[in-house]
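Take 1 as the starting number for the sequence shown in this note's numbering and just add one per residue.
A quick write-up on the structure given underneath.
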Amino acid sequence: MPGGERKIRRVIITVPTWNESLNIQLLTDALLALNGKDIVYEVLVADDHSPDGTWKLVEDRAKTDRRVHLLHRTEDRGRGRAGRDAFVKALAMGADAAVEMDADFSHPPRYIPIMIQKLEDGADLVLGSRGVEGGRDLGRPFLRRMITKLANLYIRVMLGLNVRDCNSGFRAWRASALRAVSVENTFSQGPAIVQELLFKARRRKLNITEIPIEFVERERGESSLTFGKLMQGYVMVLRLRWRSLAGTLWTRQ
Ligand SMILES: Nc1nc2c(ncn2[C@@H]2O[C@H](COP(=O)(O)OP(=O)(O)OP(=O)(O)O)[C@@H](O)[C@H]2O)c(=O)[nH]1
Ligand SMILES: [Mg+2]
């Protein structure tokens, strides 16, 4: 095995949720149905006390299914904060690898075993990508796809990343890779955690691989992406650049 890394046996799939009661049960079913040779898949939902009771559904399910876990967060809400805490918990639970994905079925579960195989083949981080050959962005309006493409170009140039899809929140990490980027010190409050961790992974010279995915538009529930969050993402890219110049990239403050 490359780099003398451990064989992957335990995969914890982290899912940050905010008002995903229409999706979370179905998604959990799909994730628990995944099969990998000698691999156990578990689900860790990081919910910010959603008003629609998503956390309650997961809490009930966790009582009867040992592969389902809830991280019930009641303060410091945010996609970034929840993602960070979920990764930290997955490491503490002893995961060999951790996946991050959205709850809205934009990230089809069937790609997860392929991503894990890529980790076994030597990658530290695998991105589910719309930007490589075979990858697609299905069902989203032209304007939304263009925004994603432009954002991607901006991030690639500003952060010097030679990755085709910098915005994909569908990824698989080796536990050692999450430790290498000091995931516990991630500072993004919102969705910009996706770019922050990618930038840090590149800084740590991790082996990053992209696999093509068909990204599917959300069918159930509501998007929590707002114009404000989109703008915060652009500002965060500048902050990442600044922090790396100022030598404060690896600290939380
Ligand atoms: N824990 C937590 N999860 C969140 C928060 N905001 C969003 N999420 C989750 O993060 C994932 C991505 O959010 P989406 O609303 O789908 O945002 P998006 O994918 O950028 O936007 P769309 O393309 O419109 O779906 C989903 O699983 C959300 O439930 C939050 O504040 N806290
Ligand atoms: Mg979404």
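Idealized CB from N, CA, C, for every residue including glycine.
Within its chain, find whatever has a CB closer than 6 Å to the CB of residue i; leave out the 5 residues flanking it on each side and keep chain order.
i	result
ASN19	SER50 and ASP52
LEU125	TRP173, ALA177, ALA201, LEU206 and ILE208
VAL194	GLY169
ALA180	ARG204
GLU184	VAL88
THR54	THR17, GLU20, SER21, ILE24 and ASP47
ARG171	GLU100 and LEU127
ARG10	VAL40, ALA95 and ASP96
MET115	VAL126 and ALA172
ALA123	ASN207 and THR209
ARG84	THR186
VAL43	ILE13, THR28, LEU31 and VAL68
ARG252	ASN185 and PHE187
Here's a check: name, in chain order, each residue in its chain whose Cβ is nearer than 8 Å to the Cβ of residue i, leaving out the five neighbours to either side.
i	result
THR248	none
ARG239	none
ARG241	MET158 and LEU159
SER224	TRP18, ASN19 and ARG79
VAL237	TYR154, ILE155, MET158, LEU159, ALA192 and GLN195
ARG73	ALA46, ASP47, ASP48, HIS49, ARG81, ALA82 and ASP85
GLU59	LEU70 and HIS72
VAL132	ARG164, ASP165, GLU210, ILE211 and PRO212
Excluding the 5 residues flanking residue i on each side, which residues of the same chain have their C-beta closer than 7 Å to its C-beta?
i	result
SER129	GLY135, ARG164, ASP165, SER168, GLU210, ILE211, PRO212 and ILE213
LEU26	none
TRP142	For the sequence presented, residue 142 should be read as Phe rather than Trp. Hits under 7 Å: none found.
LEU198	LEU161, VAL163 and CYS166
Between which two residues does the beta strand (DSSP E) harbouring residue i extend?
i	result
PHE215	214-216
THR17	10-17
VAL58	No beta strand (DSSP E) holds VAL58; the alpha helix (DSSP H) holding it covers 54-64.
LEU125	125-129
LEU138	136-138
ASP85	From DSSP, ASP85 is part of no beta strand (DSSP E) but of the alpha helix (DSSP H) over 79-92.
HIS107	Per DSSP, HIS107 belongs to no beta strand (DSSP E) and is neither H nor E.
VAL68	68-72
ALA97	97-100
Within 10 Å of its beta-carbon, does residue i have 16 or more other beta-carbons around it, so buried, or fewer, so exposed?
i	result
LEU153	exposed
TRP173	buried
PHE215	buried
VAL157	exposed
MET146	exposed
MET231	exposed
SER106	buried
VAL15	buried
ARG79	buried
VAL68	buried
LEU138	exposed
VAL235	exposed
ALA246	exposed
PHE187	buried
GLY221	buried
THR64	exposed
THR148	buried
In the DSSP assignment, find the unbroken alpha helix (DSSP H) run with residue i in it and report its ends.
i	result
LEU225	Counting along the chain, LEU225 falls outside any alpha helix (DSSP H), and DSSP gives it neither H nor E.
ASP29	24-32
LEU339	Because the chain spans 1 through 253 in this model, residue 339 falls outside it and cannot be assessed.
GLU120	112-120
Indicate, with yes or no, if ligand 4 has a heavy atom lying under 8 Å from the CB of residue i.
i	result
VAL58	Annotation note on ligand 4: not contained in the displayed structure, which lists ligand 1 and ligand 2 as its ligands.
Does residue i have its Cβ less than 9 Å from a Cβ in chain C?
i	result
PHE227	Protein chains in the displayed structure number just one, and chain C is not present.
Complete runs of the alpha helix (DSSP H) confined to the region 152-202 [at least 4 residues]: 175-180
Which residues count as close to ligand 2 when the rule is a CB under 6 Å from any of its heavy atoms, in chain order? ASP102, ASP104, SER106, ARG218 and SER223
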